[in-house]
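Residue numbers (my numbering), protein chains in the order written: chain S, 1 to 306; chain D, 1001 to 1357. Okay, structure first, notes after.
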Amino acid sequence: MDLSAINPLLFVAGFLVAATPLIFAAIGELVVEKSGTLNLGVEGMMITGAICGFATAVETGSPLLGFAAAAVGGAALSLLFAFLTQITLANQVASGLALTLFGLGLSALLGQSYVGIKPPRLPDINFGPLADIPVIGPILFTHDVILYLGIILVAATWAVLKFTRAGLILRAVGESHDAAHALGYKVVRIRTLAIMFGGACAGIGGAYISLIRVPQWTEGMTAGIGWIALALVVFASWKPWRLLLGAYLFGGITQLQLNLQGAGVAIPVEYLAMSPYVITIIVLVVLSRHKGGAPACLGRTFHASS
Amino acid sequence: MKFTKLLTGAVLALGLATTAMAQDKTKVGFVFVGPVGDGGWTYEHNKGRLAVEEHFGDKVETVFVESVAEGPDSERVMTQMALNGADLIFTTSFGYMDPTINVAKKFPNVKFEHATGYKQAENVATYSARFYEGRAIQGHIAGKMTKSNIIGYIGSYPIPEVIRGINAAFIHARKANPDVQFKIVWAYTWFDPAKEADAAKVLIEQGADVVLQHTDSTAPQAAAQEAGNVVTFGQASDMGQYAPFPRVSSIIDDWAPYYIARTQAVMDGTWTSGNTWDGIGAGMVGIGKISDAVPADVKAEALLLKASLADGTYHAFTGPLNKQDGTPFLAEGEVADDGTLAGMNFYVEGIEGDIPQ
């Protein structure tokens, strides 16, 4: 056992990267759920974003265009969900699951000619002297622009939900769609926009995996991160900052698990590998005891006639 | 009622027709653990399948199912293949061992071939390649090329196949460089690009400047490329898109000659069960081109090692060797027998850490 082999700076920097796809996917889903809709299709939207972003980045040579395309791809797929649940009033759980299966298949089809290709690299932002600050420099100032965008997005979501009229309307729709409707707000339109926002965020999260974290395209490469993102929203009890914390916790445990193995710590690997999931379950149980602040209309369908 | 009967009749007729047609051709099925586009293990098995198609042309029909989970689901896939008239089924991952045996019992007329396993039956043969011979060459190059003296190893599952590879690589890395240390991370997957990439990054962060992998995707290659100064080796397939650096050489599984020979045997009615375990000499294990990133003298030594492994003058497990706990494993000049190798569940002396149970 040689714990000194673990470089704490690189470890922290590593888990910031590992947590970023989670942050994007989860913050998008948080907004969707705040509007009163439960979209279980995060995994499908992520993997679709991963291939849309990858293909666009490879074809155009621009990783940033790739991320834009990933957002469009994810949002486009989420429109299918919006149509099913908001227009045809289909069951949200079933529609979301279908969206995941559809997204996995669609991405495999789209990605057939992109296996084994290297994507263009998104350069890290050059912070100049800031990156040379001991400890803080290598941890905070050696990343790409998307990672910072993720953190800004969390802050922005928090501010919008808490301080703005738009946020208030979104929350009103999620808490009581009938009351919001009576006040003249277009419930279906607001929810559709929220769903598209969620899709775009999930798409960017997926592209972060295929363009930065791995970086390559392989079928099924999101490997369950979308499901963790869903759990994370509940873990955070629909609060943006807690969500950020949770994402770092989850990313941190995965990295810690691999780091400890490399350092030769004799902890049974299976326990470490399952620890993020165990923590989620524990938190879910704890939260369920005092009604962790779920939007009151979450998962309920709305029609103006009712 | 009448309509249903009509339908059943039609389906039955259709079924009979396809069976009749299938009898003209030999139908060969393949069960794959990953997608055929993984660029590694499954990719090479699929190349073997395509070679069978090309060799026999119209006389053969091949079918395959990819990304089949090890365990009960694979049993369903194999059963379906056998029901659809397959004459010969290749199941290409260690975890398909018991499912293959189970399904084979139900279909005594169908021949099964299970890769990398050790359970045989009247109609189940096993086959594998002596990948450890390739690992020995990788170990030698790795030992010579590492500057930090730390070599990272991404293991998939702690099964004899993988442990054998770690031991073979370690023995020859130590021979080339007595200061070498191995860091081993178990990924518990054959294929999960994000996890494989993370594992590679962690090893690199902990000082490894050579990363060996026993997982199937090219993600660790991409991670090494990004780190810039890390050496890797292609696993199961050439992974040539990452040559000449970080990928400096590779182990290539060449299943095509075996698949063609076994299909021929089924056609001729001469197929018998058995165990095939071929290495570099027989051509089942290929060593990918050693790139110019490797110094010329190291490359020459590696090629010499390859030649001696191929003609049988040298065995990758030659004593004196001790087990990890210091107990003797092989005496001076003694070579390991196939039984010991097939069930290998211990590290050799010098490797740190425990094999997860």
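Backbone N, C-alpha and C fix where the C-beta goes; we use that ideal spot for every residue, glycine too.
- Ranked by how close their Cα comes to the Cα of residue 202 (chain S), the residues S:42, S:65, S:8 and S:149 have S:42 in first place.
- The residues 1088, 1089, 1090, 1091, 1124, 1125, 1126, 1127 and 1262, in chain order, have a CB closer than 8 Å to that of residue 1113 (chain D) in the same chain once the five nearest residues on each side in sequence are set aside.
- Residue 1308 (chain D): member of the alpha helix (DSSP H) spanning 1296 to 1310, first to last residue.
- Look at the beta carbons and you see the region 110 to 119 of chain S touching the region 215 to 235 of chain S: at least three pairs across the two are nearer than 8 Å.
- Membership of residue 1061 (chain D) in any alpha helix (DSSP H) is not indicated; the residue belongs instead to the beta strand (DSSP E) covering 1060 to 1065.
- In the structure shown, residue 157 (chain S) falls within a helical segment according to DSSP collapsed to helix, strand and coil.
- Comparing alpha-carbon positions, the option among D:1309, D:1031 and D:1253 lying closest to residue 1074 (chain D) turns out to be D:1031.
- One alpha carbon belongs to residue 1203 (chain D), the other to residue 1264 (chain D), and they sit about 45 Å apart.
- For residue 213 (chain S), the residues of chain D that pass the 7 Å Cβ criterion are 1194 and 1197, in the order they occur in the chain.
- Looking from the CA of residue 143 (chain S), the closest CA among S:128, S:258, S:114 and S:175 belongs to S:128.
- Annotated three-state conformation of residue 1088 (chain D) is strand, per DSSP.
- Taking 8 Å as the upper bound on Cβ-Cβ separation, chain S lies near residues 1035, 1037, 1038 and 1039 of the region 1026 to 1054 of chain D.
- In the structure shown, residue 1338 (chain D) adopts helical secondary structure according to DSSP, grouped into three states.
- Closest in C-alpha terms to residue 1151 (chain D), from the list D:1283, D:1160 and D:1166, comes D:1166.
- Under the Cβ distance rule, residue 106 (chain S) does not count among the residues neighbouring chain D, no pair being separated by less than 8 Å.
- Residue 10 (chain S) belongs to the set of residues whose beta carbon lies under 8 Å from a beta carbon in chain D.
- Taking a 10 Å sphere around the C-beta of residue 1225 (chain D), we find 16 or more other C-beta atoms and assign the residue as buried.
- At least one C-beta of chain D is nearer than 8 Å to the C-beta of residue 116 (chain S).
- Counting along the chain, residue 121 (chain S) sits inside no alpha helix (DSSP H), nor does DSSP assign it H or E at all.
- In this structure, the straight-line span from the alpha carbon of residue 1211 (chain D) to that of residue 1220 (chain D) is close to 8 Å.
- Neighbourhood of residue 45 (chain S) in chain D, by CB distance below 8 Å: empty, with the nearest CB roughly 17 Å away.
- Using beta-carbon distances, residue 1070 (chain D) does not count as an interface residue toward chain S, since no partner is under 8 Å.
- In summary, residue 274 (chain S) is exposed, with fewer than 16 beta-carbon neighbours lying within 10 Å of its beta-carbon over all protein chains present.
- Look at residue 265 (chain S) here: in three-state DSSP terms it is coil, with no helix or strand label.
- The beta carbon of residue 219 (chain S) sits closer than 8 Å to some beta carbon of chain D.
- Under the DSSP assignment, residue 1247 (chain D) falls outside any alpha helix (DSSP H), being part of the beta strand (DSSP E) whose first and last residues are 1247 to 1253.
- The DSSP-derived three-state label of residue 1178 (chain D) is coil.
- With respect to residue 75 (chain S), residue 255 (chain S) sits apart: the two C-beta atoms are not nearer than 8 Å.
- Chain D has a Cβ within less than 8 Å of the Cβ of residue 254 (chain S).
- A Cβ-Cβ contact shorter than 8 Å links residue 1055 (chain D) with residue 1260 (chain D).
- Residue 219 (chain S) is not a Cβ neighbour of residue 297 (chain S), given a cutoff of 8 Å.
- Not a single C-beta of chain S is nearer than 8 Å to the C-beta of residue 1235 (chain D).
- When Cβ pairs closer than 8 Å are counted between the two stretches, the region 1264 to 1273 of chain D is seen not to touch the region 1233 to 1240 of chain D, the count staying below three.
- Non-local beta-carbon contacts of residue 1281 (chain D) in its own chain, meaning distances under 7 Å to residues more than five positions away in sequence, involve 1310, 1311 and 1312 in chain order.
- Per DSSP, reduced to three states, the secondary structure at residue 1213 (chain D) is strand.
- About 7 Å separates the Cβ atoms of residue 268 (chain S) and residue 1356 (chain D), confirming a contact at the 8 Å cut-off.
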